[in-house]
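This note's numbering applies: residue 6 is where the sequence shown begins, and numbers increase by one. Ideal Cβ positions, reconstructed from N, Cα and C, are used throughout, including at glycine. This report concerns only the one structure given below.
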Amino acid sequence: MKFKPVAPFTVEAGRIKEKANNFTPNLPKRPDLAYKLNLQHFAQTAAKRSGDDEIMFGLADIIIGEGDNIIKFDGKNGDDRSYLQVEGGSVKFEPTLEDIKFADYGDNAYDQRVIGYEVTVTVVAGQETIEMLELAIAGTTQVTNGDGEVTGVADAPLGASNRKRAKSMRIHPRFDGNNHARDINIYKVATNSDVERAFANEQGSYEMEFVAYARDNADANKPGNYFYTGAVDPNGVLPPYEELVGTSDQPTNSELSGSGQNLPGSDNETEATDETV
Numbered sequence: 006m007k008f009k010p011v012a013p014f015t016v017e018a019g020r021i022k023e024k025a026n027n028f029t030p031n032l033p034k035r036p037d038l039a040y041k042l043n044l045q046h047f048a049q050t051a052a053k054r055s056g057d058d059e060i061m062f063g064l065a066d067i068i069i070g071e072g073d074n075i076i077k078f079d080g081k082n083g084d085d086r087s088y089l090q091v092e093g094g095s096v097k098f099e100p101t102l103e104d105i106k107f108a109d110y111g112d113n114a115y116d117q118r119v120i121g122y123e124v125t126v127t128v129v130a131g132q133e134t135i136e137m138l139e140l141a142i143a144g145t146t147q148v149t150n151g152d153g154e155v156t157g158v159a160d161a162p163l164g165a166s167n168r169k170r171a172k173s174m175r176i177h178p179r180f181d182g183n184n185h186a187r188d189i190n191i192y193k194v195a196t197n198s199d200v201e202r203a204f205a206n207e208q209g210s211y212e213m214e215f216v217a218y219a220r221d222n223a224d225a226n227k228p229g230n231y232f233y234t235g236a237v238d239p240n241g242v243l244p245p246y247e248e249l250v251g252t253s254d255q256p257t258n259s260e261l262s263g264s265g266q267n268l269p270g271s272d273n274e275t276e277a278t279d280e281t282v
């Protein structure tokens with residue numbers, strides 16, 4: 006790059022100064038519109054927040070399996086496939102990570118690579134049926150009579166696969182109503198822990214711990230082999246929630262708040278408000 010020296014207060018210097026003062030950058034006719042479009046873009050792509058609806062509270066509907074063998078912990082007592090929970094369920098995610106280290110950075114991990122995934126779910130049931138025994142006790146098989154009616158469960162032969170008895174599991178927070186954005190969906194789960202049945206003059210329960218297995222037709226080179234959250238299955242394997250259990254008419258927490266109705270399990274009344282944001 007070469008610079009041509011120009012003496013000040015000359016005719017040529019005056020022309021250069023005038024040209025610089027009259028320079029107009031190549032901007033749109035309405036630069037304010039360009040800024041608004043950028044802001045609109047960020048508003049559309051940013052994650053939407055839900056305010057008080059983000060607070061984690063309350064039980065969840067836990068749906069295991071599908072079709073005629075579905076088991077629903079949904080708080081209802083008018084359905085022969087529904088059961089009640091003695092305690093609220095829980096889910097635990099434990100990725101297995103392998104440290105990547107370099108001597109240049111000492112013993113600290115420079116990175117960690119995922120080499121496995123363990124997902125466990127705990128459900129505490131308060132009712133005892135043959136279906137619940139089969140669900141709770143790992144390594145079991147059905148006992149049937151001469152007419153093919155299931156009469157109980159028995160220990161399975163040695164070497165029996167626990168994966169074969171695995172079923173899908175859907176976990177849906179009850180206060181979310183028809184909103185399934187916070188659902189946890191696991192492709193295959195089965196119990197693999199010990200089960201204790203106590204007999205006393207007190208309420209009994211089955212505490213079941215489920216472990217997740219990789220889904221059928223899993224691809225280790227792609228994500229979504231054990232679970233996904235939200236309403237959209239990235240693999241298109243599990244049916245939509247409404248199709249699984251039927252359309253729910255339960256209102257969402259946000260629909261109840263501001264409507265003058267009581268929230269489920271609340272003794273306080275909610276006053277309707279009109280806020281302008």
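- Within a 10 Å sphere around the beta-carbon of Lys106 sit fewer than 16 other beta-carbons, which makes this residue exposed.
- Nearest to Met61 by alpha-carbon distance, out of Lys169, His177 and Asp224, is His177.
- The alpha-carbon of Val158 is positioned some 11 Å away from that of Thr134.
- Selection Ala143, Ile120, Pro244 and Phe98 evaluated against Val126 yields Phe98 as nearest (Cα-Cα).
- Shown here, Met174 sits in a strand according to DSSP, grouped into three states.
- Beyond the five residues adjoining it in sequence on each side, Gln117 comes within less than 7 Å, by CB distance, of Leu102, Glu103, Asp104 and Ile105 in the same chain, given in chain order.
- With 16 or more neighbouring CB atoms inside 10 Å of its own CB, Asp188 falls in the buried class.
- For Met137, the enclosing alpha helix (DSSP H) starts and ends at Ile135 to Ala141.
- Setting aside the 5 residues that flank it on each side, Pro228 is surrounded in the same chain by Pro239, each with a C-beta closer than 8 Å to its C-beta; the list follows chain order.
- Annotation for Val250: the continuous alpha helix (DSSP H) segment containing it runs Tyr246 to Val250.
- Distance check between Asp57 and each of Gly83, Thr234, Gly144 and Phe180 places Phe180 closest, using alpha-carbon atoms only.
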